[in-house]
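Asker: I am attaching a structure below and will ask some questions about it afterwards.
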Amino acid sequence: MSAPGAAPAPHVLGPVDQVPLGEGRAFAVDGQQVAVFRLRDGTVRALAAVCPHRGGPIADGTIDRQQVICPLHQHAFDLTSGCSTTGAEPLQAYRVSVDGEQNLVLEAGGV
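With this note's numbering applied, the sequence shown covers 3 to 113.
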């Protein structure tokens with residue numbers, strides 16, 4: 003149990019290899035769906051996994067440079083900020099990294 007006021011612990015999601023280069027995968031974290039993307043240069047990004055427009059699966063979207071495009075209605079979201087570039091409500095963005103053991107680590111809370 004953490005002390006009152008202590009920062010929430012990060013979540014280890016598993017090996018980075020479970021997200022192929024250029025793709026995304028959805029993970030359940032504390033009852034929320036989070037989409038983690040592994041860009042072709044090896045960097046990782048994380049956003050809320052459900053499109054605010056009509057509930058599309060963001061992890062299944064197409065990655066185009068620094069944005070992901072929802073597979074249902076082609077709304078695009080910046081992979082760093084979660085802001086829509088096509089007029090939809092923004093997605094929650096999360097801090098994610100790869101640790102020394104090559105595991106994906108999602109920081110608690112948003113950006």
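Idealized CB from N, CA, C, for every residue including glycine. Note that the structure is predicted; figures quoted are calculated from it, not measured.
#1: State buried or exposed for residue 70, treating a residue as buried only when at least 16 other CB atoms are found within 10 Å of its CB.
#2: Just tell me which of 56, 46 and 92 has its CA closest to the CA of residue 75.
#3: With DSSP as the reference, label residue 98 as helix, strand or coil.
#4: Determine the direct distance from the alpha carbon of residue 72 to that of residue 88, and round the result to whole angstroms.
Answerer: Concretely, from the data shown:
#1: buried
#2: 56
#3: strand
#4: 11 Å
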